[in-house]
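A.B. asks: Dropping a structure here in structure tokens format, bear with me for questions.
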Amino acid sequence: MRYSDTSLAPCGCATAARVNAPRRRVIRIAAAGLAAPLAFAAWPAAESLAGDRLVEEDAEGAPAPLRVADLKPGKPMVAFPFDVKRNAPRDDSRLNKIVLIRLPEAEMSADVRARAAGGVLAYSAICTHQACDVKTWLVKERALVCYCHSSKFALLDGGTVVSGPASRALPAIPLSLEGDQLVIAGAFTAAPGGSQT
Ligand code: FES
């Protein structure tokens, strides 16, 4: 199954309906005179995916749990969490897409290194601007770029916005290793999805 939340436009041009509902609540709160800093407090809480494996987004046949060696250094791969209890990928929402990239640990900030496993980092693959897929690594700039409106994210420094219209960092998700398999070790650091229309 893929994307049962069909209101989420894969082009990312429209912000997800699941995300828009809380935004509408935020607008009503703002209209009532409360301050903008409340905006992200109304977002849905990030679900812990601890224990899930990861499988390649476009894997053919039976999906195989990804291993560190499946990631070529500096080459991003888009994956879905794989629920080992249901023996199925969590591919019913594109908000679950995760971009994996293997980078030199020596270049990572301490916080980022603590979330990495075997040099592999994991972030939401959904741009925080208007929810396009984000999966292209710029080698010289050391940034992940979203080609919809050119937001760039510093994955080695917590997914912070380097440039472009996105106003919040790409949510990260911690990894660990079981043998050589990549395992999700917790929840996204913030709810994935676009936040601006
Ligand atoms: S959707 Fe990514 S920069 Fe606009």
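In terms of the numbering used here, the sequence shown opens at residue 114 and continues consecutively. Where is the CB? At the ideal position from N, CA and C, for every residue including glycine.
Ordered along the chain, which non-local residues of its own chain (more than five positions away) have a Cβ less than 6 Å from that of Ala-201?
C.D. replies: Answer for Ala-201: no residue qualifies.
A.B. asks: So within the segment 238–273, which uninterrupted alpha helix (DSSP H) runs reach at least 4 residues, ignoring any that extend past its ends?
C.D. replies: You should have found no qualifying run.
A.B. asks: Using a Cβ-Cβ cutoff of less than 6 Å, which residues in the same chain neighbour Val-191 once the five nearest sequence positions on both sides are dropped?
C.D. replies: Taken in chain order, the residues that qualify are Glu-170, Lys-210, Val-212, Ala-238, Lys-248.
A.B. asks: So, under 8 Å CB-CB, Leu-283 and Thr-241 are touching, yes? Tell me the CB distance rounded to an integer number of Å.
C.D. replies: The Cβ separation is near 6 Å, so the contact holds.
A.B. asks: CB of Pro-278 to nearest heavy atom of the ligand FES: below 7 Å?
C.D. replies: Flag set: Cβ of Pro-278 near the ligand FES.
A.B. asks: With a 10 Å radius around its C-beta and 16 neighbouring C-beta atoms as the bar for buried, classify Ser-308 as buried or exposed.
C.D. replies: Ser-308 is buried by the Cβ-count criterion.
A.B. asks: If you measure between the beta carbons of Leu-162 and Ala-300, is that distance less than 8 Å?
C.D. replies: Cβ distance < 8 Å, so Leu-162 and Ala-300 count as in contact.
A.B. asks: Could you pull the DSSP bridge partners for Ser-308 from this structure?
C.D. replies: DSSP lists no partner for Ser-308.
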